[in-house]
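*Asks:* My questions will all concern the structure given below.
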DNA sequence: CATTTTCTGATTTACGTACCTCAAAAACTC
DNA sequence: GAGTTTTTGAGGTACGTAAATCAGAAAATG
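Protein chains in written order, with this note's numbering: chain A, 307 to 647; chain B, 307 to 647.
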C-alpha cells in the first residue's frame, strides 16, 4: 500500500506534526530530526498525494491570457482551447481570464500587460509582439512576482519564464525541405507570404525557410516576402497579384495565418498551373484545401497542447517547480492529405 | 465559489444523503425528488470534485498490459511508457502489471489472456495478433466483465472496447504519398519491408501504401513485400539482397520495426545510389538515420500517447464513461530531419 | 386501517494532507 | 540550576466527497 504521512511518522519515530514541518519546509525542526524524516521518506518511497494536498490547501490559481483580437481560425482555435481549459480549470481550482488586444501592436500589448498587473494575477500568458515597451512591461510583471509565459510567438531576451510554442526556425526549415522536394527538381520561383515581420514567429519561419532553400535548393529562387497582416482579403490580393506577375512560380509558402485568402487565390488558377503549396495551421479552410489538393502540406502547432502547456508551466512557476523541458516541447506536426487527424 | 454537495442539498431542500444517492446513482430516491436534485445541480452548475471523490473512494484500478517480447526499440519504448505510467499511476491509484508473450503468436497470446483473466483485473490492454483463438479469448474477457483495449495493432470484429493506435491505412497512404513525391517523377521500383502480415497494423499499412501507389504513382513498380519478423539481422539481409538484385530500386518503405537492420543495409550503399526511404517509428536508430540522410521521412505513433490513452479508456470503461473519440485519436506524426522533436 | 415497502433525513466515519494551537520536553544560556 | 529558547508531540479542524447506519416519514399494498 502507498505510504502516507502517518507511515512516515511511525517509521521515523516522530510525530505527525514534525513530518508535516519537514514536508512543507516549515521551521522548528532540528537538523538531525529533519534527516531522520527525510530518510524515512525515501526509504518508504513516500510521494505526496497531490489530490489530497490540493484539497486540503484549497488553493486557487488565477491566470490571464492576453490574446490578439484576430479573427483568423488559428487564434480562434487558441481561444477555444483557452475556454475549454477554463472550463476544466474550474474543476482544478484555476481561474482563467482572457483579455483581447489589437494585433501586431506592441504599445497596446504593453499597456494591457500593465493594467492586468494591477489585479495581481498569479500568472500571465500572452502572444508576444516585439517592442521595447513589451520587454519593459514583462520586466515589471516579473518584478511584481507574476509568472509570465509567451504563447505561440516568443520574446527572447525578455524576462518571461517560458515560451509555449514551436521552434519556428525548424518549422521554416521543414517547410523548405518539403517544398523543395515536392517541387521535384524543377526550376522556378518560390513565393512567400507572411503576416508581419513584427512578430517573431513569422520572422523565424522565414529565416529557417530561406536557410534551407539556399543550402539545398539553389535552383529555386525565392521572391521577396509578402506581408498581409494575416488578413484574408489582403492575402488573396497579394497572392493573386504575385501569381499573375510571375507565371513561373512553382512553389508557395504561406507562413502566417489568413489562409482563407490564400486558398481563395489558389482556387482561381488552372489546376495544372498551381504551385506546390506549404502552409501553416490546420483549420477548416486549410484542411479542406489539403483534401482538395490546393495545399500539398500543412505544418501545424497544436493549439490545445500549447494552451495546456502554458497553464501547466504557469502553475509550476507559481508553485516554484522546475519546467520539464521534454514534456513542454511543442511539436511541429506535418499533415498531408492522408494523415489528417 | 464552487458549489459543493452541501450547497446542492440546501438548494434542493433535501439532505446530503439524498444528494449522494442521486449523484452516485444509488437506489431509494423518488423520481420527483431525484429531479429536484438534478435541477439544483444544473442550476448551481455543480461539478463533482474528482480529486476529493477519488480520495474518498480510495478505489484502485488494476490493469494488465500484454506486450510482445520483441526487442525492437518501438516495443521497448512502449514498455518504457507503460513503466512510466505505472510509476505515475501509483499516485493515481492505479496498478499496472506487464506480461510478455512471444511475438506474432496467436495461440500464445490467447493463452496469456485466459490466464490473466483468472486474476480478474479491471482491464487488459494488449497488442493484437490475428487469430480465432484471440477473438475467443477476448470474448471470454468481456464475458468476465473485464475492459479490453487493443494497443498498436487492432483486432476488429472482436469484442474489444477500444483500439489505442493509429489509422494504419492512413499511415500507409501517407508513406506512399511522401515516397512518390520525394521520388520526383522518376521511374523505378519500390521495395517494401514489413514484419509480418499476421499483424493487422502491418497489413493495413501495406494496403494503404499500395492503394496510393496504384492511384497516384503508376510509374513506380512496387516489389512483393518482404517479411522479416521485425528482426534486425534478417531485415538487413533481405534489404541488402533486394537492393543487389534490383539496382533500379529508387524507393524503400519500411513499414515494420527492425529498422536497425534496414539502416545497416542502407549504409552499405553508395550515397548517390541510395533509394528514397520512408520508415516507421522514431527511435534512436531511425532518428540518427534521418539526420544523416539515410532515411528521408519517418512516420511515428507516439508510444506515450498510446499508452496513456489506453489507460484513460480502460479507466473510463471501468467507470462506465463513454470514450471521447476526438481525445483518444492517435495521430500519425511525420518527421523530416528538420522537425525532429 | 393496518401493514409492508419504499423513500428520506440526520449523523458519522473515512480518505490523505495542510495548518493551527497548546503543552511538554529538550536544548541551550548565563 | 534557573531561566530562556528551540524543538517536538498530541490533538484538533478543515477540504469535498463516499459510504454506511439507523430512525422516521411517506407511500403503496392488502
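Where a beta carbon is used, it is the ideal one built from N, C-alpha and C, also for glycine. Note that the structure is predicted; figures quoted are calculated from it, not measured.
By the three-class DSSP mapping on this structure, what secondary structure does residue 534 of chain A have?
*Replies:* The answer is coil: DSSP assigns residue 534 of chain A none of H, G, I, E or B.
*Asks:* For a quick check, are the C-beta atoms of residue 497 of chain A and residue 536 of chain A less than 7 Å apart?
*Replies:* Contact: no.
*Asks:* Does the separation of the CB atoms of residue 559 of chain B and residue 631 of chain B fall below 7 Å?
*Replies:* The answer is no: Cβ separation not under 7 Å.
*Asks:* Note down, in chain order, all residues in the stretch 617–645 of chain B with a beta-carbon under 7 Å from any beta-carbon belonging to chain A.
*Replies:* For the stretch 617–645 of chain B, which is checked against every Cβ of chain A, the residues closer than 7 Å are 635, 637, 638, 639, 640, 642, 644, 645.
*Asks:* Would you say the stretch 433–450 of chain B touches the stretch 411–421 of chain B, given that touching needs at least three Cβ pairs under 8 Å?
*Replies:* Cβ pair count under 8 Å is three or more, so yes.
*Asks:* Return the residues of the stretch 555–581 of chain B that lie within a Cβ-Cβ distance of less than 7 Å from chain A, sorted by chain order.
*Replies:* Listed by position along the chain: nothing, the set is empty.
*Asks:* Give me the DSSP bridge partner(s) of residue 606 of chain B.
*Replies:* Paired residue(s): B/639.
*Asks:* Using only the alpha-carbon positions, how far apart do residue 427 of chain B and residue 312 of chain B sit?
*Replies:* Approximately 35 Å, taken between the alpha carbons.
*Asks:* Please find out if some non-hydrogen atom of the ligand ZN comes closer than 6 Å to the beta-carbon of residue 499 of chain B.
*Replies:* This structure lacks the ligand ZN, and indeed carries no ligand of any kind.
*Asks:* For residue 502 of chain A, which residues from the same chain have a beta carbon less than 8 Å from its beta carbon, with the 5 sequence-adjacent residues on both sides left out?
*Replies:* So the list reads 410, 508, 533, 535, 536, 562, once near-sequence residues are dropped.
*Asks:* Using the beta-carbon of each residue, which ones in chain A are nearer than 7 Å to residue 361 of chain B?
*Replies:* Those are 357, 358, 361, listed as they occur along chain A.
*Asks:* Which residues bound the alpha helix (DSSP H) around residue 350 of chain A?
*Replies:* That run of the alpha helix (DSSP H) goes 337–350.
*Asks:* What whole-angstrom Cβ distance do residue 453 of chain A and residue 429 of chain A have, given they're in contact under 8 Å?
*Replies:* Between residue 429 of chain A and residue 453 of chain A the Cβ distance is about 4 Å, and since that is below 8 Å, they are a contact.
*Asks:* Which ranges would you report for the alpha helix (DSSP H) in the stretch 499–575 of chain B if only whole runs of at least 4 residues count?
*Replies:* Runs of the alpha helix (DSSP H) inside the stretch 499–575 of chain B: 506–522, 538–551, 565–573.
*Asks:* Please confirm if residue 432 of chain B has its CB atom under 7 Å from at least one CB of chain A.
*Replies:* So no, residue 432 of chain B is outside the interface.
*Asks:* Rounding to the nearest angstrom, what Cα-Cα distance links residue 552 of chain A and residue 601 of chain A in this structure?
*Replies:* Using only the alpha carbons, I get a separation of about 19 Å.
*Asks:* Can you pull out the residues from the stretch 401–435 of chain B whose beta carbon lies closer than 9 Å to at least one beta carbon of chain A?
*Replies:* Correct list: empty, as no residue qualifies.
*Asks:* Let me check one thing: in DSSP terms, what residues is residue 374 of chain A bridge-paired to?
*Replies:* Partner(s): A/407.
*Asks:* On the criterion of 16 or more Cβ atoms from any shown chain inside 10 Å, does residue 338 of chain A qualify as buried, or is it exposed?
*Replies:* When all chains shown are included, residue 338 of chain A counts as exposed.
*Asks:* Got a sec: is the Cβ-Cβ distance from residue 438 of chain A to anything in chain B below 7 Å?
*Replies:* For residue 438 of chain A, the answer is no, since every Cβ of chain B falls outside 7 Å of its Cβ.
*Asks:* State yes or no: is the beta carbon of residue 488 of chain A nearer than 7 Å to at least one beta carbon in chain B?
*Replies:* Yes, because at least one Cβ of chain B sits closer than 7 Å to the Cβ of residue 488 of chain A.
*Asks:* Beta-carbon separation of residue 358 of chain B and residue 329 of chain A under 7 Å?
*Replies:* No, the pair does not count as a contact, with Cβ atoms beyond the cut-off.
*Asks:* Tell me whether residue 607 of chain B is buried or exposed, calling it buried when 16 or more other Cβ atoms sit within 10 Å of its Cβ.
*Replies:* Buried.
*Asks:* Could you check whether residue 499 of chain A and residue 528 of chain A sit closer than 7 Å to each other, using their CB atoms as the reference points?
*Replies:* No, the pair does not count as a contact, with Cβ atoms beyond the cut-off.
*Asks:* If we count Cβ pairs, one from each stretch, closer than 8 Å, do we get three or more for the stretch 517–531 of chain A versus the stretch 510–522 of chain B?
*Replies:* Because the criterion of three Cβ pairs below 8 Å is not met, the stretch 517–531 of chain A and the stretch 510–522 of chain B do not touch.
*Asks:* Do residue 470 of chain B and residue 457 of chain B come within 7 Å of each other at the CB atom, strictly closer than that value?
*Replies:* Cβ atoms of residue 457 of chain B and residue 470 of chain B: closer than 7 Å.
*Asks:* I'd like to know if residue 589 of chain B contacts chain A, where contact means its C-beta is closer than 7 Å to some C-beta of that chain.
*Replies:* No - not a single Cβ of chain A is within 7 Å of the one on residue 589 of chain B.
*Asks:* With a CB to CB cut of under 8 Å and the five nearest residues on each side skipped, what residues in its chain are close to residue 261 of chain A?
*Replies:* One cannot answer for residue 261 of chain A here, as it falls past the ends of chain A, which runs 307 to 647.
*Asks:* Identify whether residue 495 of chain A lies in helix, strand or coil by the three-state DSSP scheme.
*Replies:* Here residue 495 of chain A sits in strand by DSSP.
*Asks:* Would you please state the rounded distance, in angstroms, between the beta carbons of residue 418 of chain A and residue 407 of chain A? I believe it to be under 8 Å.
*Replies:* That pair is a contact at about 5 Å.
*Asks:* Can you tell me which residues form a DSSP beta bridge with residue 584 of chain B?
*Replies:* For residue 584 of chain B, which the question treats as bridged, DSSP gives the partners B/559, B/603.
*Asks:* Let me see if you follow: with CB-CB separation under 7 Å, is residue 480 of chain A close to chain B or not?
*Replies:* By this cut-off, residue 480 of chain A is an interface position.
*Asks:* Taking Cβ to Cβ, would you say residue 342 of chain B is nearer than 7 Å to residue 318 of chain B?
*Replies:* Yes.
*Asks:* Residues in the stretch 460–473 of chain A with C-beta within 7 Å of chain B's C-beta atoms, listed in sequence order?
*Replies:* Cβ contacts with chain B come from no residue of the stretch 460–473 of chain A.
*Asks:* Strictly under 7 Å for the Cβ-Cβ distance: is residue 595 of chain A near chain B by that measure?
*Replies:* It does not; no Cβ of chain B falls within 7 Å.
*Asks:* Are the beta-carbon atoms belonging to residue 464 of chain B and residue 444 of chain B less than 7 Å from one another?
*Replies:* Cβ atoms of residue 464 of chain B and residue 444 of chain B: closer than 7 Å.
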